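Enquirer: Everything in the sequence shown is counted per this note's numbering, starting at 16 for the first residue and increasing by one. Glycine is no exception: its CB is placed at the ideal position from the N, C-alpha and C atoms. Please read all numbers here as calculations on a predicted model, not as lab measurements. Below is one structure. I have some questions about it.
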Amino acid sequence: FYFLLIRPQQKKQKDIKNMISNLAHGDLVMTSGGIQGKVTALTDTVVTVEIADKVKIKVTRNFIAAVLQKAPKE
């Protein structure tokens, strides 16, 4: 039971937490609502995402569902 249900769920939660903590300026992300954009600013709890030219929204870090593309290394 543990290895079929609980362990995979714990691993998934750990992966999501790791993804959120490793967000960086310039990453292309998708929110849990399906909005896609580029990370322009980060704080401990809020991510500012640019979804169009000069259109920025603030999203709580926990609502970032996926990193679609990492920012290029400089």
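Pick out whichever of Leu19, Leu20, Asn77 has its Cα sitting closest to the Cα of Thr58.
Expert: Position 43 of the sequence shown holds residue 58. Ranking the options by Cα distance to Thr58, first place goes to Asn77.
Enquirer: Quick check: Thr63 and Thr75, are their CB atoms within less than 8 Å of each other?
Expert: Stepping through the sequence shown from its first residue, residue 63 is reached at position 48. Stepping through the sequence shown from its first residue, residue 75 is reached at position 60. Result no, Cβ atoms of Thr63 and Thr75 do not sit closer than 8 Å.
Enquirer: Is the beta carbon of Leu83 sitting closer than 8 Å to the one on Met45?
Expert: The residue given as residue 83 occupies position 68 in the sequence shown. The residue given as residue 45 occupies position 30 in the sequence shown. Taking 8 Å as the Cβ cut-off, Leu83 and Met45 qualify as a contacting pair.
Enquirer: Helix, strand or coil: how does DSSP classify Lys85 here?
Expert: Translated into positions along the sequence shown, residue 85 becomes position 70. Coil, per DSSP.
Enquirer: Between which two residues does the beta strand (DSSP E) harbouring Lys69 extend?
Expert: By 1-based counting over the sequence shown, the position of residue 69 is 54. First-last for Lys69: undefined, no H or E at that position.
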